[in-house]
DNA sequence: CATTATGTCTGCATCGTTGCAGAGCCTTCA
DNA sequence: TGAAGGCTCTGCAACGATGCAGACATAATG
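Chains as they are written, first to last, in my numbering: chain A, 1 to 338; chain B, 339 to 676.
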């Protein structure tokens, strides 16, 4: 089980532990002859440095953790890919953890026995834990918040402008001439901050167009999953005056909604136009392909990781609020044939 | 940066380091009075144990790594969720890493400076690295291979029966009366072992039905992505005698194929029936919904993690070959309206 | 030739924790 | 009263690596 240590190699090569360490790390001047002898011993024993020991000594692990509610939500998976890439550029690896949006599992991260201390920094996409709670119970580990939750000044935070994004999506539908635009995904309670921002944007777009919002067209959902999108859409279709367009707060809801529409025999976009948010890859290949508001995931990941690195190096000033760009991508679900 | 250590707490509470450690771990008898005094000091300083040090001392980290080619391939994301769950049941956390199917990044894992030594075990879904290479260059870390690659007896291996799965999918199409059944996803080269098994199953199904295989209907693809599925389908549609059914080697290829069919004005399943493999959630909500061969992902994850745990505890005999069940799930893409 | 500089190599201490053996002290019982 | 036992508590060593200061031998210098 336990592999050979520097001590074993040193004994075999008949040199000091310190010299072996120097050879392994390429430090300090070591004569060619000795270097060769040590190398032979290294190969012979197939020595692998014990990273835990190295970490202990150096006080850093070279690992950061990326905590998401659900890994099989494509948005998070796609973001995780970008985070891994961005971290690699800094010589860091990423550990991904999944909380299921479960407040208790999230709080585990903050508790006394948390594994968080094993990481040089944390990238959090919190769902249930409030920023308040984070600040109070937080460990000493540098943290960057990602995408979710309202900025409260305590932590660096990276996200797109959710209000503007929702406004753009809704405005697009209104510009197409749709007049009963529904919204799927509101979360009118404490931890639904992102959803509320999107609802605000939805209302702003109506206000700017001089149109009224029909509150019965705003359907809340507990999660942002396909099934709930489909259910919400079914409820909307059962209204006396069903909508002629839907703004869904993410692409999964939108895909669920499209599914419900298709099943009900409505044509998309002819009868009902649909917009989502996130630009997950799936939306490019769905039938119809999905119009969506695309946050720049690569930029989110890079800015978040860069900020975390600064924080780890202790070079970070007051926690920045970083806003990354987004853009509307029009596809078949609102524009008909491409 | 550096938090308080046992030493700091001990000094404050005016007891020995060892006693603080005992209080923290609930070990050994400590008088109520002392325990209380230490607790006060612990709270005062907000002590957090240094897990790195603990790990070094105990020789284990409580972490395993799950290495996948691409995290934003839904199958891997969904599997990752199950792996995280299974590991949690053993008190383990999972670090997820992504190799992009890049042989070099995979080999990094095996190299001398690999971070692999930081984990108690490795769950690998290798793509480029051959099992051969794994065995030669492997570290001392326990390994379980997952899903991909042919078993070669050197490592524990968990997968479904790929030949049977492909046979079932193809047989289903043939039973529907389809006579020109195409196959998308063959990989006739060293690292395409899984794909080759599926091709074998495809051929077996034809043989058992007494039908001939038309080799021009077998389209290889470098990866299992939507785009390549769409491209392959376009090529098939351009044939003088296009197929009336397609067996795709995974769901993403199938969804890409359906997309290409829809765009070309073909109806699914009326003109062309489509089957995939993996049972990703997306296939339940696509239009049409996707018939697929579903491996039992929960079971794969559990068996893999259980096996890895045995291996970590040193209780594992000769490397087992574990086959998990699969089943055909018929949806609209072959059966019409549900 | 003595002295200083240079280049190699080594031992000790240390990171923060836990395993182990044992030191005190108090109780119990012959 | 004294030995044995039980309960608390402590110090030392160790996990495997690296930082530091210095030892030693050799080369360069006046």
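Where is the CB? At the ideal position from N, CA and C, for every residue including glycine.
If you count every other CB in all the chains shown that lies within 10 Å of the CB of residue i, and 16 or more means buried, which is it?
i: residue 663 of chain B; result: exposed
i: residue 436 of chain B; result: buried
i: residue 158 of chain A; result: buried
i: residue 47 of chain A; result: buried
i: residue 409 of chain B; result: buried
i: residue 40 of chain A; result: exposed
i: residue 333 of chain A; result: buried
i: residue 676 of chain B; result: Residue placement at residue 676 of chain B cannot be trusted, given a pLDDT of 41 that sits under 50; the coordinates are not used to answer.
i: residue 123 of chain A; result: buried
i: residue 33 of chain A; result: exposed
i: residue 589 of chain B; result: buried
i: residue 513 of chain B; result: exposed
i: residue 351 of chain A; result: For chain A, the structure presents residues 1 to 338; residue 351 of chain A sits outside this window and is missing.
i: residue 396 of chain B; result: exposed
i: residue 419 of chain B; result: buried
i: residue 363 of chain B; result: exposed
i: residue 550 of chain B; result: exposed
i: residue 238 of chain A; result: exposed
i: residue 265 of chain A; result: exposed
i: residue 106 of chain A; result: buried
i: residue 384 of chain A; result: Residue 384 of chain A falls outside the range modelled here, since chain A spans only 1 to 338, and no answer is possible.
i: residue 374 of chain B; result: exposed
i: residue 27 of chain A; result: exposed
i: residue 485 of chain B; result: buried
Counting only Cβ pairs nearer than 7 Å, list the residues of chain B close to residue i.
i: residue 12 of chain A; result: Those do not exist, as residue 12 of chain A stays about 17 Å from chain B at its closest Cβ, beyond 7 Å.
Just the chain A side, please: which residues come within less than 7 Å of residue i by C-beta, in chain order?
i: residue 393 of chain B; result: 52
i: residue 409 of chain B; result: 77, 80 and 81
i: residue 672 of chain B; result: Per Cβ cutoff of 7 Å: no residues; residue 672 of chain B is ~16 Å from chain A at best.
i: residue 445 of chain B; result: Near residue 445 of chain B there are no residues of chain A at all, since even the closest Cβ is about 14 Å away, more than 7 Å.
Assuming residue i contacts residue j under a Cβ cut-off of 8 Å, what Cβ separation, rounded to an integer in Å, is found between them?
i: residue 567 of chain B; j: residue 522 of chain B; result: 6 Å
i: residue 479 of chain B; j: residue 455 of chain B; result: 7 Å
i: residue 94 of chain A; j: residue 62 of chain A; result: About 11 Å separates the two Cβ atoms, so there is no contact after all.
i: residue 439 of chain B; j: residue 417 of chain B; result: Contact doesn't hold; Cβ gap of about 16 Å is too wide.
i: residue 615 of chain B; j: residue 538 of chain B; result: Their Cβ separation, rounded to whole angstroms, is 14 Å, which puts residue 615 of chain B and residue 538 of chain B out of contact at 8 Å.
i: residue 673 of chain B; j: residue 607 of chain B; result: 7 Å
i: residue 390 of chain B; j: residue 459 of chain B; result: About 19 Å; that fails the 8 Å criterion.
i: residue 494 of chain B; j: residue 354 of chain B; result: That pair is no contact at about 45 Å.
i: residue 154 of chain A; j: residue 319 of chain A; result: 7 Å
i: residue 249 of chain A; j: residue 195 of chain A; result: 6 Å
i: residue 125 of chain A; j: residue 163 of chain A; result: With 8 Å as the limit, residue 125 of chain A and residue 163 of chain A do not qualify as a contact, their Cβ atoms being about 19 Å apart.
i: residue 74 of chain A; j: residue 282 of chain A; result: 6 Å
i: residue 274 of chain A; j: residue 172 of chain A; result: At roughly 11 Å, the Cβ-Cβ gap does not stay under 8 Å, so residue 274 of chain A and residue 172 of chain A are not in contact.
Determine the chain B residues that contact residue i at a beta-carbon separation under 9 Å, and present them in chain order.
i: residue 95 of chain A; result: 401, 403, 431, 432, 433, 434 and 435
i: residue 74 of chain A; result: 410, 412, 415 and 620
i: residue 226 of chain A; result: 619, 620, 622 and 623
Show which residues of chain A have a CB atom less than 8 Å away from the CB atom of residue i.
i: residue 422 of chain B; result: 71, 97 and 98
I want to verify the contact list: residues of chain B whose CB lies under 8 Å from the CB of residue i, in sequence order.
i: residue 37 of chain A; result: In chain order: nothing, as chain B lies at least about 18 Å away.
Could you list the residues in the stretch 157-177 of chain A with a C-beta less than 7 Å from some C-beta on chain B, going in chain order? Here the close residues number zero.
Report yes or no: do the stretch 626-633 of chain B and the stretch 645-652 of chain B share at least 3 C-beta pairs separated by less than 8 Å? Under the three-pair Cβ rule at 8 Å, the stretch 626-633 of chain B does not count as touching the stretch 645-652 of chain B.
Below 8 Å, how does it come out for the stretch 314-329 of chain A and the stretch 349-361 of chain B: are there three or more Cβ pairs, yes or no? Counting Cβ pairs under 8 Å, fewer than three are found: no touch.
Near-chain A residues of the stretch 615-641 of chain B - C-beta to any C-beta below 9 Å: Here the close residues are 618, 619, 620, 622, 623, 624, 625, 626 and 627.
Going along the chain, which residues of the stretch 452-468 of chain B sit with their C-beta nearer than 8 Å to a C-beta in chain A? Answer set for the stretch 452-468 of chain B: 452, 453, 455 and 456.
Report yes or no: do three or more beta-carbon pairs, one from the stretch 178-186 of chain A and one from the stretch 242-256 of chain A, lie closer than 8 Å? Contact between the stretch 178-186 of chain A and the stretch 242-256 of chain A is present, with at least three C-beta pairs closer than 8 Å.
By the 8 Å beta-carbon criterion, what residues does the stretch 237-271 of chain A contribute toward chain B? Per Cβ criterion, the list reads 255, 256, 258, 259 and 262.
If we count Cβ pairs, one from each stretch, closer than 8 Å, do we get three or more for the stretch 590-608 of chain B versus the stretch 555-570 of chain B? In short, these stretches touch, since the Cβ pair count reaches three.
For the 8 Å Cβ check, are there 3 or more pairs between the stretch 631-640 of chain B and the stretch 593-608 of chain B? The stretch 631-640 of chain B and the stretch 593-608 of chain B do not touch, with fewer than 3 CB-CB distances between them shorter than 8 Å.
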